[in-house]
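Please read the structure below before turning to the comments.
Number of protein chains: 2
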Amino acid sequence: MSEFNLIETYFSWSDTASSVIKGVGDDAAIIDIPNDKYLVTSVDTSIAGVHFPIETPAIDIGHKSLAVNLSDLAAMGATVKWFTLALTLPSFDKPEDTQWLEDFSRGLKTLANQAACDLIGGDTTQGALSITIQVMGVVDKGTALLRSGAKVGDLIYVTGTLGDAAIGLATIIGDLKIKHLSDLDYCQDRLNKPTARIVESKIIKQFASSCIDISDGLLQDLGHVLKASQVGASLNTREIPLSPALSRINRTIAMQAALSGGDDYELLFTIPQSCNVDFLETVNVNVTCIGKINQNISIIMDENGDPLKASGYNHFNG
Amino acid sequence: MSEFNLIETYFSWSDTASSVIKGVGDDAAIIDIPNDKYLVTSVDTSIAGVHFPIETPAIDIGHKSLAVNLSDLAAMGATVKWFTLALTLPSFDKPEDTQWLEDFSRGLKTLANQAACDLIGGDTTQGALSITIQVMGVVDKGTALLRSGAKVGDLIYVTGTLGDAAIGLATIIGDLKIKHLSDLDYCQDRLNKPTARIVESKIIKQFASSCIDISDGLLQDLGHVLKASQVGASLNTREIPLSPALSRINRTIAMQAALSGGDDYELLFTIPQSCNVDFLETVNVNVTCIGKINQNISIIMDENGDPLKASGYNHFNG
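This is the structure:
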């Protein structure tokens, strides 16, 4: 199958929105950005064996490759609109490649449709399996959620539960056994089919002073907020939200996963105390207050005043 | 070296333009697109051993990875503004990696500065060497050059000379020997350090009815224009511009490279006959008329009426 046939067969299903002046099929895509919006864009590469286990089903790889990018735009309080796909595969013309491409594009397309995110261009090349997606969206001028806005006294919140994906990965690579099959499935699904917190982002952005998505682990990503905002944090580790599945495993392991495990794609954000009552009255999604911003620049302490060391996942050391 | 240090050391040298509201260092970049412009964007992946020989100097890889993307925007008649970099390397912390990164980022930065193209974000991951760059630019609304605008009677032009890069590659992989050392250097430079035709694009877009950059070979890329425009072409192969270096090698080999060789990144465009006099009076760059558009949909003929078969480089078959 030629590169051109491949694109037509699997990846020419979109660019129907009125904002897409020219989608797949020319030297570049052309997009109309509304006058009152900024363009917001982020790129993430997913590599087999690094960002997902080699044996991950293709449909999940398609889903996750896009989800991790949607998560970045959710963390900015932006509305996702378009994406490009640079897909590198070892081969394209074997029978199993056809099945892989069908499954991968189905996973991608299903999430893209759910998120109303149009595929507007891309590139296909031959090499070690790798997927680079660049997502683009818009945000009303002056309303983006940055990492740099946290202020002393702000409350620290997270969406959902933490550590599930790290435990899912531990079960896949054989580091951990989980008794209940439904817990095992839940954790592995959290790893392979993460949910970008797009809905939550819309509510959070009305109140939050800063936001980041937790891709590298709570402590590491909180560290980015603290550095960008020139503040510190005190966490109430007992409040860190764990799923029922994680509450049934060894608590030390669960807490390590929740503090340092990556791939959860929950949002970590700060709410000024003056907005907190309004926020809690408005919010209709699962959020938990886990601490407070203080003046100890880039230091994270627990409720006993002991330092919590960021040992989050790092693509080069981890 | 951690991912974060690496980005700060090698890739945090840009995003100074006033249009960049937020560059490298948050979950996503934020860009201000002028009200009278469309966003134009293209993505290309370069893989070691596929898009450039493994032994290519890192400085040239840096240059070429960006140049091939700039070329896509030149083919649209767009002004380049920003780019993202998704860089995958086998390792980052060996002494030779530091040298590679220094050289690669120097090649990238030099061209980015020349082209006034800001690095606004990216991702670094560990794996087989691969570089995905997404370039973004703007075009006045309604003025983009598409593949689909060629009309019967339009004249077919190319910039520069064709086939040089393919001959450069043939010498590197040992398929061809070239007598003169300066010709060898010239052809290998055309392969490793292509020039995106940004300057030429500004002049061409005032007159052209369609445009594409020649990345996969003249016949294949002309085929894309013909298909998109639903027209055919008659080429005067004797007019196809060859460099002095190619005029000194076997003519059959030189013509095969000029017709089917990829990686030249010259522009192929069509000029309506009614504009041709004005175009030739205005144009102050090297362009050559090589044929005419006719009604024989998707067929390319030579001056004798014989069909010319597109056998251009294809990433999966070639």
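So the protein sequences, as listed, match chains A and B.
Heads up: the first sequence begins at 1 in the working numbering, then just goes up one per residue.
Heads up: the second sequence begins at 319 in the working numbering, then just goes up one per residue.
Just so you know, even glycine gets a beta-carbon here, dropped at the ideal spot from N, CA and C.
Note that the structure is predicted; figures quoted are calculated from it, not measured.
Interface partners of residue i on chain A, CB under 7 Å
i: B/G445; result: I47, V50, A128, S130
i: B/Y356; result: I21, I30, I31, D32
Beta-carbon neighbours of residue i, restricted to chain B and to distances below 9 Å
i: A/D213; result: D345
i: A/A144; result: I339, K340, D344, A346, I348
Cβ neighbour criterion (16 or more within 10 Å) applied to residue i
i: A/V199; result: exposed
i: A/P244; result: exposed
i: B/Q613; result: exposed
i: B/H498; result: exposed
i: A/Y10; result: buried
i: B/Y414; result: Correcting the residue type first, residue 414 of chain B is Glu in the shown sequence and not Tyr. Exposed is the call here.
i: A/E239; result: exposed
i: B/N604; result: exposed
i: A/S209; result: buried
i: A/T252; result: exposed
i: B/T600; result: exposed
i: B/V543; result: buried
i: A/G305; result: exposed
i: B/K340; result: buried
i: A/V20; result: buried
i: B/K412; result: exposed
i: B/V456; result: buried
i: A/T143; result: exposed
i: B/G492; result: exposed
i: A/N192; result: buried
Cβ of residue i within 7 Å of any chain A Cβ
i: B/A404; result: yes
i: B/R465; result: yes
i: B/K627; result: no
i: B/Q452; result: yes
i: B/N594; result: no
i: B/S616; result: no
Closer than 8 Å at the beta carbon, the chain A residues around residue i
i: B/G439; result: T41, S42, V43
i: B/M394; result: D26, D27, A28, I30
i: B/Q417; result: Ordered by position in chain A, no residue passes the 8 Å Cβ test against B/Q417, which lies about 17 Å from the chain.
Short CB-CB distance (under 7 Å) between residue i and chain B
i: A/A208; result: no
i: A/N5; result: no
i: A/N304; result: no
i: A/F11; result: no
i: A/G318; result: For A/G318, the pLDDT reaches just 33, beneath the cut-off of 50, and the residue's location in the model is therefore unreliable, leaving the point undetermined.
Contact list for residue i against chain A, beta-carbon separation under 9 Å
i: B/L391; result: D27, A28
Rounded distance between the beta-carbons of residue j and residue i, thought under 8 Å
i: B/I379; j: B/F422; result: 6 Å
i: A/I31; j: A/I120; result: 7 Å
i: A/D323; j: A/P272; result: Past the edges of chain A, shown from 1 to 318, lies residue 323 of chain A, and the structure says nothing about it.
i: B/L391; j: B/V453; result: 6 Å
i: B/K523; j: B/I611; result: B/K523 to B/I611, Cβ: 18 Å. No contact.
i: A/I290; j: A/I156; result: 5 Å
i: B/T443; j: A/V50; result: 6 Å
i: A/A228; j: A/L129; result: That pair is no contact at about 33 Å.
i: A/S65; j: A/I131; result: 4 Å
7 Å Cβ cutoff, residue i in contact with chain E
i: A/N35; result: Looking for chain E here will not work: the only protein chains present are A and B.
For the region 427–442 of chain B against the region 465–483 of chain B, are there 3 or more C-beta pairs whose distance is under 8 Å? no
Answer yes if the region 479–486 of chain B comes into contact with the region 562–582 of chain B, meaning at least three C-beta pairs across the two stretches below 8 Å, and no otherwise. yes
Would you check if there are 3 or more beta carbon pairs closer than 8 Å linking the region 225–240 of chain A to the region 296–310 of chain A? yes
Touch test, the region 22–31 of chain A against the region 354–362 of chain B, Cβ-Cβ under 8 Å, three pairs minimum: yes
Three or more C-beta pairs below 8 Å linking the region 53–72 of chain A and the region 370–387 of chain B: no
Taking one C-beta from the region 524–541 of chain B and one from the region 397–408 of chain B each time, how about it: are there three or more such pairs within less than 8 Å? no
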